[in-house]
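**Q** If you scroll down you'll find the structure; I have some questions about it.
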Amino acid sequence: MTRSTSETVRALPPAPRRAEGDSGWGVCPGCRTMVYGKRLLRGQHICPECGVHQRQTAEERIEQLFDESTIEYLQLPVRSSDPLEFADTVPYPERLEAARRRSGLEEGVLVATGTVGGRALVAAVMDFRFMGGSLGAAIGEVITRAAEHAFAEHTPLLIVSASGGARMQEGALALMQMAKTAQALASLDEAGVLTISLVTDPTYGGVAASFSTLCDVIVAEPGARLGFAGPRVIQQTLRQSLPEGFQTAEFLLEHGFIDAIRTRRTFRTFIGHLLALQDRDAKPDPARPDPVIREPTEVPVGDPWETVQGAREVGRPTTLDYLTRAFDDFEELHGDRLGGDCPAVVGGPALLDGVPVMVIGHQKGRTAAEMSARNYGMPTPDGYRKAGRLMQLAAKLRVPVVTLVDTPGAFPGVEAERHGQAVAIAENIRLMTTLPVPVVTMVIGEGGSGGALALAVADDVLIGSGAIYSVISPEGCAAILWSDATKAPTAAAALHLDGRRLLDLGVVDGVVPEPERMTEDHAEAARRVRGALAASLRRLATAEPGVLVASRRARFRAFGTAEAAVGRADVKAGTAEGN
């Protein structure tokens with residue numbers, strides 16, 4: 001990628017503010033209520049009655065986003081021309097001049113640098129006032145140069161989109177901007193630079209099908225519309241009626257195409273948490289004690305069937321409980337970007353003892369309604385693909401992966417099979433063998449079959465003393481092998497599915513003692529899990545990516561061989577020493 005030169009950077013005077021409407025009364029386009037202009041301005045142009053997010057200028061967004069007194073605008077000498085000598089009812093140059101007068105901008109996008117919560121960011125912000133945010137050669141060039149500046153500075157890039165589509169007056173040259181900006185983002189992927197897209201209303205056509213949906217994290221304002229073909233085009237072309245809320249942020253979130261919806265009031269905090277993913281100097285706290293038991297003889301002997309029943313207790317802490325108590329600044333990211341978002345898998349960036357991690361886990365729920373909504377913690381292919389996407393993002397940013405396992409198994413249903421359940425599980429297992437970052441797994445409840453393993457191919461696999469991990473449930477084993485469901489306790493003992501026996505087999509690397517009142521003392525359970533995970537990350541932090549991958553593969557290669565136990569010890573020693 002071409003790197004930006006320092007001459008392109010200087011502080012610019014602010015772009016003109018809104019010329020009218022701020023001090024008078026206006027009608028909200030959502031609820032049709034009269035709203036006083038100054039009140040609307042103070043509220044970041046969010047209707048105080050219905051919450052509709054009205055359009056903002058690029059300058060207003062930049063001022064709301066960055067830390068005070070840190071904003072510098074990039075001077076990019078780019079200006080739209082008239083390559084086709086295009087004229088419809090008005091010559092194209094006249095349209096451009098009218099847009100410049102109306103918006104006070106040279107082009108329909110501003111680029112600024114600064115800090116958010118003290119962390120550096122480059123932002124390219126489109127302004128719908130300039131010819132409806134249409135994507136022409138100049139807009140594509142500015143977005144590309146913003147990406148090149150982010151590349152040169154190794155600084156995260158935010159793109160705020162607002163567009164009706166490609167600029168027809170520039171013909172195929174406008175079309176080429178989709179490829180041009182896409183390859184600029186590909187260069188940031190290769191360089192490990194975080195990219196974030198904020199979708200505002202509306203975002204259509206060439207912008208939607210290029211840089212606004214190619215970023216690592218896609219967040220939208222409430223009610224923002226995004227799509228390739230607009231509703232009017234679809235209705236006129238195909239004569240189809242559209243579902244309620246079609247192409248809105250809420251529709252897109254439900255169908256797995258965006259990560260989150262955030263209001264303007266919460267977006268800055270959200271961005272700040274994402275930027276922490278690129279903190280390279282954060283190290284685990286060396287003073288935190290390691291509660292993990294790594295010798296089988298030190299784990300108390302328990303009744304396997306009682307352990308099974310305890311692992312299924314509804315009152316046990318769930319993944320979301322641990323994310324609240326053991327981690328900080330967690331931001332849930334949604335969707336597999338293919339059309340689905342499984343609620344049985346939750347994940348996103350967080351801090352563990354100040355260290356940025358990507359944490360992913362099964363979520364069962366606690367109430368009957370929540371457990372039903374989350375498939376009782378049994379993921380569909382959408383869930384595994386979402387987890388895979390987040391793990392790939394962690395690999396790009398060189399962020400450790402932490403997984404929390406608590407599932408009876410993958411969801412057994414017709415739709416799951418139709419959408420490739422086996423393939424989704426297999427792809428995650430393979431992906432985890434290739435991740436060039438530390439991977440730590442903690443089985444916090446049930447670890448059922450391949451549905452669990454798809455999140456558990458790790459450098460360090462831990463299990464709670466009251467948790468289980470097995471190829472099949474005891475009931476399933478009893479029904480198949482004994483043809484008698486009452487033999488489940490016998491099957492539980494035979495399967496060696498508790499922490500002590502799994503540690504002896506080398507399937508897990510450590511057991512984390514749980515509080516005696518596990519279903520009630522969630523704070524103590526979280527404290528121990530936090531300490532265990534932090535200790536594992538400390539042990540793995542110095543290992544080179546190649547060593548991590550080789551050691552992880554050696555660990556799983558050894559299972560089923562006579563050298564399994566010895567191999568496990570050698571792998572851990574090699575990983576810890578980084579040789």
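FYI, this note's numbering numbers position 408 of the sequence shown as 408, with every residue one higher than the one before it. Ideal placement from N, C-alpha and C gives every residue a C-beta, glycine not left out.
(1) Assign Gly-464 to one of three DSSP states: helix, strand, or coil.
(2) Give the straight-line distance between the Cα atoms of Pro-304 and Glu-524, rounded to the nearest whole angstrom.
(3) Less than 8 Å between the C-beta atoms of Phe-128 and Val-193, yes or no?
(4) To which residues does DSSP link Ala-166 through a beta bridge?
(5) Starting from Val-437, trace the alpha helix (DSSP H) both ways and give me its first and last residue.
(6) What does the alpha-carbon distance come out to for the pair Thr-57 and Ala-373?
(7) Whole angstroms are fine: how far does the CA of Ala-467 sit from the CA of Val-461?
(8) Using three-state DSSP, classify Phe-228 as helix, strand or coil.
(9) Measuring CB atoms only, is the region 293–308 touching the region 527–547, in the sense that at least three cross pairs come out at less than 8 Å?
(10) Using the three-state DSSP reduction, which class does Leu-495 fall into: helix, strand or coil?
(11) Suppose the cutoff is 7 Å on Cβ atoms and the five residues either side in sequence are ignored; what does the same chain contact list for Asp-259 look like?
(12) Could you give the uninterrupted runs of the alpha helix (DSSP H) lying entirely in the region 293–323, keeping only those of 4 residues or more?
(13) Taking all protein chains shown into account, do 16 or more other C-beta atoms lie within 10 angstroms of the C-beta of Ile-480, making it buried, or fewer, making it exposed?
(14) Would you grab the beta carbon distance between Gln-278 and Leu-397 for me? Rounded to a whole angstrom, and I think it's under 8 Å.
(15) Once you ignore the five residues that flank Ala-191 on each side, which residues in its own chain have a CB closer than 6 Å to its CB?
(16) Here's the rule: buried if 16 or more other CB atoms are within 10 angstroms of the residue's CB, otherwise exposed. What is Arg-79?
(17) Give the C-beta separation of Arg-256 and Asp-341 to the nearest angstrom, bearing in mind that I take them to be a contact with Cβ-Cβ under 8 Å.
(18) Within a Cβ cutoff of 8 Å, which residues of the same chain sit near Asp-621, ignoring the five residues on either side of it in sequence?
(19) Answer with buried or exposed for Lys-38, where buried requires no fewer than 16 other C-beta atoms within 10 angstroms of its C-beta.
(20) If I measure Cβ to Cβ from Leu-198 and keep anything under 8 Å in the same chain, skipping five residues before and after, which residues do I get?
(21) Skipping 5 residues on each side, what residues in its chain have a beta carbon closer than 8 Å to that of Arg-265?
(22) If we call anything under 8 Å between Cβ atoms a contact, is Leu-548 one with Asp-459?
(23) Once DSSP output is grouped into helix, strand and coil, what is the label at Ala-179?
(24) Only counting the same chain, and skipping five residues up and downstream in sequence, which positions put a Cβ closer than 8 Å to that of Val-116?
(25) If we ignore side chains and look at the alpha-carbon of each, how far apart do Cys-31 and Glu-72 end up?
(26) Helix, strand or coil: which one does DSSP assign to Thr-561?
(27) Give a yes or no on whether the minimum CB-CB distance between Ser-163 and chain D is below 8 Å.
(28) Name the two residues that bound the continuous beta strand (DSSP E) containing Met-378.
(29) Runs of 4 residues minimum, wholly inside the region 517–551: which ones carry the alpha helix (DSSP H) assignment?
(30) Can you tell me whether Glu-68 is helix, strand or coil according to DSSP?
(31) Leaving out five residues before and five after Thr-561 in sequence, what residues of the same chain have Cβ atoms less than 7 Å from its Cβ?
(32) I believe Ile-143 touches Phe-211 by the beta-carbon criterion, under 8 Å. Please report the beta-carbon distance rounded to the nearest angstrom.
(33) With a Cβ-Cβ cutoff of 8 Å, do Thr-407 and Ala-452 count as a contact?
(34) From what residue to what residue does the alpha helix (DSSP H) around Pro-202 run?
(35) Pick helix, strand or coil for Ile-261, following the three-state DSSP scheme.
(36) Mark Met-34 as exposed unless 16 or more other C-beta atoms lie within 10 angstroms of its C-beta, in which case mark it buried.
**A** In short, the structure shows the following:
(1) Reduced to three states, the DSSP call for Gly-464 is strand.
(2) The C-alpha of Glu-524 is placed about 24 Å away from the C-alpha of Pro-304.
(3) Contact annotation: Phe-128 and Val-193 have beta-carbon atoms that are not nearer than 8 Å.
(4) For Ala-166, which the question treats as bridged, DSSP gives the partners Leu-135.
(5) Run containing Val-437: none; DSSP gives neither H nor E here.
(6) Using only the alpha carbons, I get a separation of about 40 Å.
(7) Spanning the two alpha carbons is a distance of roughly 13 Å.
(8) For Phe-228, the three-state secondary structure derived from DSSP is coil.
(9) In the pairwise beta carbon analysis, the region 293–308 is classified as not touching the region 527–547: fewer than three pairs are separated by under 8 Å.
(10) Shown here, Leu-495 sits in a helix according to DSSP, grouped into three states.
(11) So the list reads Val-217, Ile-218, Val-219, Leu-333, His-334 and Gly-335, once near-sequence residues are dropped.
(12) Runs of the alpha helix (DSSP H) inside the region 293–323: 304–311.
(13) Flag for Ile-480 reads exposed.
(14) The Cβ separation is near 6 Å, so the contact holds.
(15) Answer for Ala-191: Phe-151, listed in chain order.
(16) Arg-79 comes out exposed.
(17) Residue identity check: residue 256 is Gly in the sequence provided, not Arg. The Cβ separation is near 4 Å, so the contact holds.
(18) Beyond the ends of the chain as shown, which are 1 and 579, falls residue 621; an answer cannot be given.
(19) The residue in question, Lys-38, is exposed, as its Cβ has fewer than 16 Cβ neighbours within 10 Å.
(20) Exclusion of the five residues before and after Leu-198 leaves Leu-158, Ile-159, Val-160, Ser-161, Val-219, Ala-220, Glu-221 and Phe-267 as the residues of its chain whose Cβ lies within less than 8 Å of its Cβ.
(21) Non-local beta-carbon contacts of Arg-265 in its own chain, meaning distances under 8 Å to residues more than five positions away in sequence, involve Gln-44 and Ile-46 in chain order.
(22) With respect to Asp-459, Leu-548 sits close: the two C-beta atoms are nearer than 8 Å.
(23) Correct three-state label for Ala-179: helix.
(24) Once the five neighbours on either side are set aside, the close Cβ partners of Val-116 are Leu-65, Phe-66, Asp-67, Arg-268, Ile-271, Gly-272 and Leu-275.
(25) Using only the alpha carbons, I get a separation of about 37 Å.
(26) Annotated three-state conformation of Thr-561 is coil, per DSSP.
(27) Absence of chain D from the displayed structure is noted, only one protein chain being present.
(28) Going by DSSP, Met-378 is part of no beta strand (DSSP E) at all; its letter is neither H nor E.
(29) The DSSP assignment places 522–540 as complete runs of the alpha helix (DSSP H) inside the region 517–551, in order along the chain (cut-off: 4 residues).
(30) DSSP places Glu-68 in coil when its eight states are reduced to three.
(31) Closer than 7 Å at Cβ, skipping near neighbours: no residue.
(32) Contact between Ile-143 and Phe-211 holds: CB atoms are separated by about 6 Å, below the 8 Å threshold.
(33) The Cβ-Cβ distance between Thr-407 and Ala-452 falls below 8 Å.
(34) Unbroken run through Pro-202 is the beta strand (DSSP E), 195–204; no alpha helix (DSSP H).
(35) DSSP places Ile-261 in the strand class (E or B) of the three-state scheme.
(36) Exposed.
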